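**Student:** The C-terminal position of the sequence shown is numbered 1202 in the numbering used here, with every residue numbered one higher than the one before it. All C-beta atoms, glycine included, are put in the ideal place defined by N, C-alpha and C. Here the structure is a predicted model, which means the values were calculated and not measured. Starting off with a structure, shown below.
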Amino acid sequence: MSVSKKGKVVDVPTDDDTTLQPFTDESGAPATLPEVGNGGEESKMKVILGLLKKLMGVKDVANLRISLPASLLEPIPNLEYWQYADRADIFAAIGDSDDELGRMLSVLRFSFSKELKFIRARLGKPYNSALGEHFRCSWRLPPIVIDKATGEPVVRTHIHVPIPGEPAYGGQGGSGWTTPVLGREHGGKPSSEASSIVSSSSKASKKQNVGLGLKQGNKSTDTISVNRAIPGPGDEIESDPDAGVVDSEKVTVVFLCEQVSHHPPISAYYYTCPEKGIEGYGMDQISAKVSGMSVKVGPGSSNQGIFIRIARDGAGKGEEYQITHPSASVNGILKGSYYGTISDQIQITCRGGAEGKTKLRAIIDYKDESWIGKPKFLLDGIIYKYTVGNETEESWTKAKQVPADKVVANIEGSWMKEIKYKLKGEKEWKTLLDLDLLALIPKDVRPLEEQDEQESRRLWDPVTQHLIGKNWGEATKQKQVIEQIQRDKAAARKAKGEEHQSRFFEPDWEDGKPKLSAEGQKAIDAEMARLDAKAKEKENEI
């Protein structure tokens, strides 16, 4: 067991704990599943079916010590894959409203957008994280704004454009994007300055007047990166997708995460948008169980949800929103075309900020899918006022538990398509978030030569290069080399009687709210300085 900085026992095993050793070989190392055949789709299916048989009835698959063949993995590190800023522009706008209901709606938008990858790209298994591994990236972009006339969001960068063969869900295809041409009332430049703006990954945009005050022209360009099913290491999209926006309106979002425990796998993460005074933080840990031909995934015991804090001055200062995670199922394993479904409830609770007798809370219910027909991905929910200090009102998990006089808004829609809301006493439903408009926004990541040896992309680059080249056997060998190095490090710590110490986060995270260490703040500042330098360099070029 590990002990936090404050002397409290943290009820999770450490990386060097020898009490959890299922699925290990005679040496105590994680059992390794071999490649079967040439690593093609038929070979993968044989490995998957064999693995499913072994895992039936296992309480928590996520905590097993087992080494998968590289052909079953996607060429992306786990810490990069499990990040929640697929739409950093929505995260940046969370605190823009002066109204408490407006801020809750903004948090809901973020909650529905945070895993856009599971809509736009195929599900996949990333690399397992090594203890002490870390990842950081950033975005510089214009936040969404709310149209004053309609009360609906205006997306100002990376509009989704379907590419040929893109499925309705559970995609094998990825997503193209194009540049919105905005009216001046939404931050757009005059048309003379915004003409000839194109995307380097969209095939073509046939949309005109794409709602929400947006206009898109017909565009066609090369398809440089449209085949990237999961944005990750490699040539991500490089262009000027928000060139219609005044540069002074762009803000920076920085993301930093670190693997702080290996058994069970737990990581700490932190997001910030300094210009807007918005912070996000939490602990990531998942549990997984095989059920029939699907895998059910949910939050682990250390995962208390995502916490969003408004740190800037003004309305809402000091508010903290806790977003719980739902459970989900990975389906389509037999067909080799995975897709996710959610059948669970989540709660978003506002605490802190200005003193008051009541605060807002949201309950979202993801509907069970029928065994017959295609999944519909439906949800509904409410926003209600709860009395501060009333544990009963703050513990409600279903909308039917909430008295009608406490409800301030209703929510409904499809988490794959469009979600709407209606305020109490009004008849009109308004768009909360149209996911059909949203493409994945690429991350800005430092080149490999500037990264630390334990930084995700550099650490796993030997595996990544062979996976991209479809050299399955060599990819598996490189993966095993990295894993053995980690085991050797663990053995050396044990021999010396040492415990691993996280680098970027303080060790006291049992409340689910990690705190940056001095080294962590230094990394955030360095990322901000790097983006500022890039922006100045771009200005000089102009």
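#1: Does DSSP put residue 951 in a helix, a strand or coil?
#2: Go ahead and pull the three-state DSSP assignment for residue 1200.
#3: Could you please give the first and the last residue of the uninterrupted beta strand (DSSP E) stretch that includes residue 943?
#4: Counting pairs of beta carbons, one from the segment 1069-1082 and one from the segment 1029-1044, are three or more of them closer than 8 angstroms?
#5: With a cut-off of 8 angstroms, do at least 3 Cβ pairs link the segment 760-773 to the segment 1008-1021?
#6: Below 8 angstroms CB to CB, which residues in the same chain sit around residue 1161 once its five sequence neighbours on both sides are set aside?
#7: Per DSSP, residue 1045 is paired with what?
#8: Using DSSP's beta-bridge definition, name the partner residues of residue 799.
#9: Span of the alpha helix (DSSP H) holding residue 988?
#10: Return the residue from the list 1028, 941, 1051 and 1147 that minimises the CA-CA distance to residue 1174.
#11: Hey, out of 1182, 1138, 751 and 1091, whose CA is closest to residue 809's CA?
#12: Go ahead and label residue 1156 buried or exposed: buried means 16 or more other beta carbons lie within 10 angstroms of its beta carbon, across all protein chains shown.
#13: DSSP has residue 766 in a bridge; who is on the other side?
#14: Could you name the residues of the same chain whose beta carbon sits closer than 6 angstroms to that of residue 1029, not counting the 5 residues immediately before and after it, in chain order?
#15: Look up residue 1105 in the DSSP assignment and say whether it is helix, strand or coil.
#16: Just grab the DSSP bridge partners of residue 1001 for me.
#17: For residue 949, which option in 1098, 987 and 802 has the closest C-alpha, if you only look at C-alpha atoms?
#18: Do the CB positions of residue 745 and residue 1145 come within less than 9 angstroms of each other?
#19: When the Cα atoms are used, what is the spatial distance from residue 1191 to residue 754?
#20: Just curious, the beta strand (DSSP E) that residue 1091 is in, first and last residue?
#21: Considering only their Cβ atoms, is the gap separating residue 906 from residue 931 smaller than 9 angstroms?
#22: Counting Cβ pairs, one atom from each stretch, are 3 or more of them under 8 angstroms apart for the segment 1119-1133 and the segment 780-799?
#23: Would you mind giving the Cβ-Cβ distance between residue 968 and residue 983, rounded to the nearest angstrom? I have them listed as a contact below 8 angstroms.
#24: Grouping DSSP H, G and I as helix and E and B as strand, with all else coil, what is residue 786?
#25: Using a Cβ cut-off of 9 angstroms (strictly closer), state whether residue 953 contacts chain D.
#26: According to DSSP, what are the bridge partners of residue 928?
**Tutor:** Taking the coordinates as given:
#1: Looking at residue 951 - three-state DSSP - the assignment turns out to be strand.
#2: In this structure, residue 1200 counts as helix in the three-state DSSP scheme.
#3: Going by DSSP, residue 943 is part of the beta strand (DSSP E) stretching over 938-944.
#4: Three or more Cβ pairs closer than 8 angstroms define a contact, and the segment 1069-1082 meets that threshold against the segment 1029-1044.
#5: A contact exists between the segment 760-773 and the segment 1008-1021.
#6: If we look at residue 1161 and ignore the five residues flanking it on each side, its Cβ neighbours are 1167.
#7: Checking the DSSP bridge columns, you'll see residue 1045 partnered with 1020.
#8: Answer is 913.
#9: Note, residue 988: premise wrong, no alpha helix (DSSP H); beta strand (DSSP E) at 988-991.
#10: The residue with the shortest Cα to Cα distance from residue 1174 is 941.
#11: In this structure, 1091 is the residue among 1182, 1138, 751 and 1091 with its C-alpha nearest to the C-alpha of residue 809.
#12: By the neighbour-count rule (16 or more Cβ atoms within 10 Å), residue 1156 is not buried but exposed.
#13: In the DSSP output, where bridge partners are listed per residue, residue 766 has none listed.
#14: Correct list, in chain order: 1001 and 1035.
#15: Of the three classes helix, strand and coil, the one that applies to residue 1105 here is coil, per DSSP.
#16: BP columns for residue 1001 point to 989.
#17: When only C-alpha atoms are compared, the closest one is 987.
#18: Going by C-beta atoms, residue 745 is not nearer than 9 angstroms to residue 1145.
#19: Residue 1191 and residue 754: Cα-Cα distance of roughly 22 angstroms.
#20: Residue range 1090-1094 is occupied by the beta strand (DSSP E) that includes residue 1091.
#21: Judged by their CB atoms, residue 931 and residue 906 are not nearer to each other than the 9 angstroms cut-off.
#22: Cβ pair count under 8 angstroms is three or more, so yes.
#23: Contact flag correct, Cβ pair sits at about 7 angstroms.
#24: Coil at residue 786, not helix or strand.
#25: Absence of chain D from the displayed structure is noted, only one protein chain being present.
#26: Paired residues: 918 and 943.
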